[in-house]
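Protein chains in written order, with the working numbering: chain A, 35 to 847; chain B, 8 to 291.
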Amino acid sequence: MTATVDQVEREIGRDRRRKEDQRLITGRTRWTDNLTLPGMLHLAMVRSPFAHATITSVDTSAAKTAPNVVAVYSGADFGDELGVCINAWPITPDQVAPTHSPMPSDRVAFAGEVVAVVVARSAAEARDAAELVDVEYDVLPAALDLKEAAADTVLAHPDLGTNKSALWVFDSGEAGTGAPVEDAIAKARTDGIVIEREYRQQRLIPAFMEPRSVVVDPTGEQYVMYSATQIPHILRFALAATTGVSESKIRVIAPDVGGGFGGKLQVTPEEWIAWAVGRRLGKPVKYTETRSESLLSAHHGRDQWQKLTLSAEKDGTVTGLKVELLADLGAYVAIVGGGVPVLGAFMFNAIYKFPAYHFSVQTVLTNKTWTDAYRGAGRPEATYAIERLMDELAAEVGVDPIAIREKNWIKHDEFPFTTVAGLEYDSGNYEAATARAKEMIGYDELRAEQMARRASGDKVQLGIGVSTFTEMCGLAPSRVLGTLDYGAGGWEHASVRMLATGKVEVVTGASAHGQGHETAFSQIVADRLGVAFEDVEVLHGDTQVAPKGLDTYGSRSLVVGGEALVKAADKVIEKAKPIAAHLLEASADDLEFANGRFSVRGTDQGMAMAEVALATFAAHNLPDGVEASLDSDATYDPVNFNFPHGTHLCAMEVDTETGELKMRKYVCCDDIGNIINPLIVSGQVHGGLVQGIAQALWEEAVYDDSGTLVSGSFVDYLLPTAADTISFEVDHTTSPSLTNTLGTKGVGEAGTIASTPAVVNAVVDAVRHLGVNDIQMPCTPERVWRAIQDGGSGGATTEAAQPHFDEAEGAGA
Amino acid sequence: MIPAAFDYLAPTSVEDALAALAEHGDDAKIIAGGQSLLPVLRMRLNAPEVLIDLGKIDSLRGIRDDGDAIVIGAMTPHSVVGSDPLVAEHAALISKAVEHLADAQIRHRGTFGGALAHADPAGDLGGPAVALGAQFVIQGAGGTRTVGADDFFVDLFETAIGDDEILTEVRIPKHTGWGARHEKFVRIVHQWPIVAVAATVRVDGGTIAEARIGMANMGSTPVRARAVEEALAGQPATEDAVRAAAERADEGTNPPSDLNGDADYRRHLSRVLTRRAVLAAAGA
Ligand SMILES: Cc1cc2nc3c(=O)[nH]c(=O)nc-3n(C[C@H](O)[C@H](O)[C@H](O)COP(=O)(O)OP(=O)(O)OC[C@H]3O[C@@H](n4cnc5c(N)ncnc54)[C@H](O)[C@@H]3O)c2cc1C
């Protein structure tokens, strides 16, 4: 049954202001850090300053005598009840992975790792006492450089014997999805074009707004963990699986959570330590990290070397693509850790008809902060590589970068299209999105201006960057995840509860942390059941309220969680129908449901859903054998991913004297299928763009040669603000997805995935005529200037931060 | 982030503040706007036992015209300095530098004297101070002394202010009618400069009569581009003449290398920015 709402205004497609914003923006809501429980104690962590060291002793005696200190523990004080931080995605059966204790007692493997915890009556007293814990270390050589680590010159975990964790390979020849790539490359070496490049995906820090925070309450019948997490359900499962507490005794609550970007898709040492300490003491405990701790020890993202070989015919028709990645796991294999590059494995071929494809990733352990998902997870890396390469191919052939893409992309009448990586793209129209984006930016005029500036030798050159991205999202078909050895499924769950008063409670397992689920999901249910938007309440983020779910990441909430909701709402209608028919004394076959009303076809008789709800609640007059409930559940597991795409164009001015960059214009035309709430979509796109642009231009986690994070504060880890960005122009074409009934595609990561190569392509395009064909990210003015000077890619970042806060400043005037 | 515990004093006169400094010696620290000191305390880079807050001493706040100089009280917030008409008229270089300093929140809390006393060579105010020949009025138990800009900045985070002294005000010789330009080079706007060049120029009938140029982040203290100043005197205010002179901007400098730029890049920037600043200041 479809609920078409023709007469009343449809909610889907309206730019509803977000219901949740009042409480989120004013801060008058429940975050984890503002919870105060009776008798609650506070934790402070003692962290290793060394990247790799043996712990020779931990002296807690001075700390234990500090004012109001209740306890001080090191790893040695706990046994198995401390549990371990899990890796849920062993990408190969022989993956090498160190045990990840939340608080190791013998050896630390990155600077920032927790070695002891202080429990005190106030956070300030805990922090003061943490300074008194005396830990002695024997410093070990640290594996820091990714390439060197891959050569096993220094071992990050000596007992493992190697830093090489897993080698994961996809080969279209072997998989039967395409031809062998070596043949294509060999042929191109003799009579075609071979483009060989090496690109660096620098290390990034997710930098969510709300630092991570956890409260553990062991005083009730269920142990409760409140956490600023993206994944309350997975967290509950992992606690049960590793700490010996029965799953039924665990309740996890993610209150309002202030952003995550993948950075809170994790089970963290701090959560596990708080859990163990709370249970040990039988008292509620709280731990909230500082921003410095967050930058240092919350998981980082990206960090790859990408070796790429693209083969083509002389006219620019692509014939093969070979991708060899080195991916830095950091010190441990995080929950999804090694799987992140695998999420990119199917996307390097992107929208192009490569007949042959080979992908391999070697994941590598180092003595740096562990890495995991960060907005886009695997797909930004893939999109960057292929979109940079297509520009290089265009330059080699001597044609416009859009022309080379058009020559190779899947045409709109070729959908559904099975790619060389084995995925079936259901829908898309690259021609339409590209035409619209070109029109928005004034492509031909910009090219003319570029020519003029080149001809006159203008100090300020203009570049136009292209990115015709696609991605796979909506994690995900459980069967596919199973074939990839992922530890869980990809379904999502929803419940719809019809209240006696005709209002609706919707329960979703997709737990929002800033996305706007409460608004968008209300719109979907309002349309489906014909109730008012305001009458729908969306509940989530507490395993006692929303017992089933797989949480929010991978642009899955709408396409998987939203579809589960539709299915649950449809079941409500199905359950209401016989009751309505009974009350209307009509045959169920003669009823139709529209605009929230059941009506008897061909008559003016009818009954509103709210009336059916009340009658069901009263249960005075139900048909025989019908239960007194309209409430319904649904668990939805998609059969395929979905594939948003779009064309992003960036016009960048480059001051060739200083290397300074000035973005002139950024336009994008994304195809994300049907749109539930255009305002939320624009928020996702704008925010996503800034995050992707930030990788291209600003952000980089930098370590020095002893393994200290030198970009350890926002003074040196450069997050842009509104003052650093321009206003983007965003538009859409619409090719509804065929893999869910709403026809929607994910949009949470699209902007981030698409924008990075658009920006770097623009920078390179501006100075290509000066002998430049690559500039390493982030494209700092210095790198741009150096590239212009010597034709290289700009050189490495100096691994030192400038002091602005004087260490001697505290004492003496 | 939580600083270690400290005692807090808020004297209402400079004398009381000096007495408190004398009493607590090395254990005490003066706090002005706290925009540099608070991060130090919160990151626990250090832990003084006593903070002496100058915020309640009214005499340290305000800007006045004193004949041939503008006098800025040490505790005057950046935001007040930046919007002050006297400063704009007689020391435009300072107004322009303040406009670029950090962000609005920091400009409201941070003080003119605090920034200069902090002596971060990347600070935006050091360049204008040396360019304009600022005079620093420093008070101690034994009285008041005045130190010229060239002697005030000693090294990284180090000034001529003694352990038992307070910077009370800064006298800026008037440069009425001089053109001014602050060229600050950053990657994101709320950042300390990678290099900044502060130039002020007196133009007389198309000729540069005098030029004064101060630079940030080209050494362990703010530095004057004296070679450029000399080369510019008497030159026409033209692109070619200024370009030639600006080539000497990095002479005698010793810029740092860090993740925002290596020394050779900073040298290059100083030359380009000096040319741009001088040309703009000269109205050319
Ligand atoms: C995020 C951030 C960004 C910033 N960006 C910039 C920038 O772009 N450009 C820039 O120039 N600055 C920048 N600053 C620094 C800012 O200008 C500070 O305001 C300034 O450096 C310190 O001034 P304050 O009044 O806050 O001094 P405080 O922090 O209170 O004190 C700083 C030091 O000076 C001493 N002191 C203060 N007043 C006196 C006095 N009267 N006599 C003797 N000693 C004194 C204190 O004891 C302390 O050692 C930034 C600061 C932050 C936190």
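No residue lacks a Cβ here, since even glycine has one placed at the ideal position from N, Cα and C.
For a test of the three-state rule: what should DSSP assign to residue i, helix, strand or coil?
i: B:L16; result: strand
i: A:W443; result: strand
i: A:G277; result: Correcting the residue identity first, residue 277 of chain A is Thr in this sequence and not Gly. Here A:T277 sits in helix by DSSP.
i: B:L286; result: helix
i: A:K198; result: strand
i: A:Y737; result: strand
i: B:P180; result: strand
i: A:R635; result: coil
i: B:S277; result: helix
i: A:R237; result: strand
i: B:A124; result: helix
i: A:V570; result: strand
i: B:T207; result: strand
i: B:I70; result: strand
i: A:F204; result: strand
i: A:H616; result: helix
i: B:H85; result: helix
i: A:K851; result: Nothing can be reported for residue 851 of chain A: it is not among the residues displayed for chain A, which extend from 35 to 847.
i: A:D758; result: helix
i: A:W306; result: helix
Report back the beta-carbon spacing between residue i and residue j to the nearest angstrom; my notes put them in contact at under 8 Å.
i: A:C684; j: A:G499; result: 4 Å
i: A:L695; j: A:P815; result: 7 Å
i: A:L427; j: A:L359; result: Between A:L359 and A:L427 the Cβ distance is about 20 Å, and since that is not below 8 Å, they are no contact.
i: A:A867; j: A:K402; result: Any question about residue 867 of chain A goes unanswered here, given that chain A covers just 35 to 847.
i: B:G186; j: B:A289; result: 6 Å
i: A:L377; j: A:R409; result: Actually they are not in contact, since the Cβ atoms of A:L377 and A:R409 sit about 12 Å apart, beyond 8 Å.
i: A:W404; j: A:G117; result: Not a contact, Cβ separation roughly 17 Å.
i: B:Q42; j: B:G130; result: At roughly 11 Å, the Cβ-Cβ gap does not stay under 8 Å, so B:Q42 and B:G130 are not in contact.
i: A:V600; j: A:E571; result: That belief does not hold up - the Cβ atoms of A:V600 and A:E571 are roughly 17 Å apart, past 8 Å.
i: A:R481; j: A:P289; result: Not confirmed; about 51 Å, so no contact.
i: A:Y587; j: A:A407; result: 6 Å
i: A:T535; j: A:G583; result: That pair is no contact at about 26 Å.
i: B:V285; j: B:A206; result: 5 Å
Please compile the residues from chain A whose C-beta is within a distance smaller than 8 Å of the C-beta of residue i.
i: B:H197; result: T755, A757
i: B:F160; result: The premise fails here: B:F160 is roughly 14 Å from chain A at the closest Cβ pair, so nothing lies under 8 Å.
i: B:D269; result: E816, T832
Taking C-beta pairs closer than 7 Å, name the residues in chain B that residue i reaches, listed in chain order.
i: A:V744; result: L266
i: A:V736; result: L266
Taking Cβ-Cβ distances shorter than 8 Å, what residues in chain B pair up with residue i?
i: A:S326; result: M8, M50
i: A:L752; result: R194, I195, Q198
Quick one: which chain B residues come within Cβ less than 9 Å of residue i?
i: A:R234; result: None at all; the shortest Cβ gap to chain B is about 15 Å.
i: A:W819; result: Y272, H275, L276
i: A:T88; result: Those within 9 Å of A:T88 in chain B number zero; the least Cβ separation is about 25 Å.
i: A:P29; result: Shown here, chain A extends from 35 to 847; a query on residue 29 of chain A therefore has no answer.
Which chain A residues are close to residue i, counting only those with a beta carbon under 9 Å from its beta carbon?
i: B:P43; result: For clarity, residue 43 of chain B is Ser in the given sequence; the question names Pro instead. Ordered by position in chain A, the residues that pass the 9 Å Cβ test against B:S43 are H838, F839, D840, E843.
Is any non-hydrogen atom of ligand 3 found closer than 6 Å to the C-beta of residue i, if you look at the structure I gave you?
i: B:T19; result: With respect to ligand 3, the structure shown offers nothing to examine, as its ligands consist of ligand 1.
Mind the definition here: the region 649–669 of chain A touches the region 524–536 of chain A only if three or more C-beta pairs lie below 8 Å; say whether that holds.
-> Verdict: yes, contact present.
Cβ pair count under 8 Å reaching 3, the region 710–717 of chain A against the region 790–805 of chain A = Short answer: they don't touch.
Three or more C-beta pairs below 8 Å linking the region 124–136 of chain B and the region 159–173 of chain B | The region 124–136 of chain B is in contact with the region 159–173 of chain B.
Segments of 4+ residues assigned as alpha helix (DSSP H) that fall wholly inside the region 760–836 of chain A | Listed in chain order, they are 784–801, 815–824.
Are the region 330–343 of chain A and the region 275–284 of chain A in contact at 8 Å, needing three or more beta carbon pairs?
-> A contact between stretches requires three or more CB pairs, one per stretch, nearer than 8 Å, and the region 330–343 of chain A fails this requirement with the region 275–284 of chain A.
Count the CB pairs spanning the region 134–146 of chain A and the region 77–87 of chain A that are closer than 8 Å, and state whether there are at least three.
-> In short, these stretches touch, since the Cβ pair count reaches three.
Do the region 473–484 of chain A and the region 415–433 of chain A meet, that is, are 3 or more Cβ pairs less than 8 Å apart?
-> The region 473–484 of chain A vs the region 415–433 of chain A: no contact.
Between the region 303–322 of chain A and the region 241–261 of chain A, are three or more C-beta pairs nearer than 8 Å?
-> As far as the Cβ criterion goes, the region 303–322 of chain A touches the region 241–261 of chain A, which means the pair count is three or higher.
Would you check if there are 3 or more beta carbon pairs closer than 8 Å linking the region 205–223 of chain A to the region 122–133 of chain A?
-> Segments in contact, no.
For the region 746–760 of chain A and the region 671–689 of chain A, state whether three or more C-beta atom pairs, one from each stretch, are separated by less than 8 Å.
-> Taking 8 Å as the limit for Cβ pairs, the verdict is that the region 671–689 of chain A does not touch the region 746–760 of chain A.
Cβ contact (3+ pairs, closer than 8 Å) linking the region 172–190 of chain B and the region 200–215 of chain B = Taking 8 Å as the limit for Cβ pairs, the verdict is that the region 200–215 of chain B does touch the region 172–190 of chain B.
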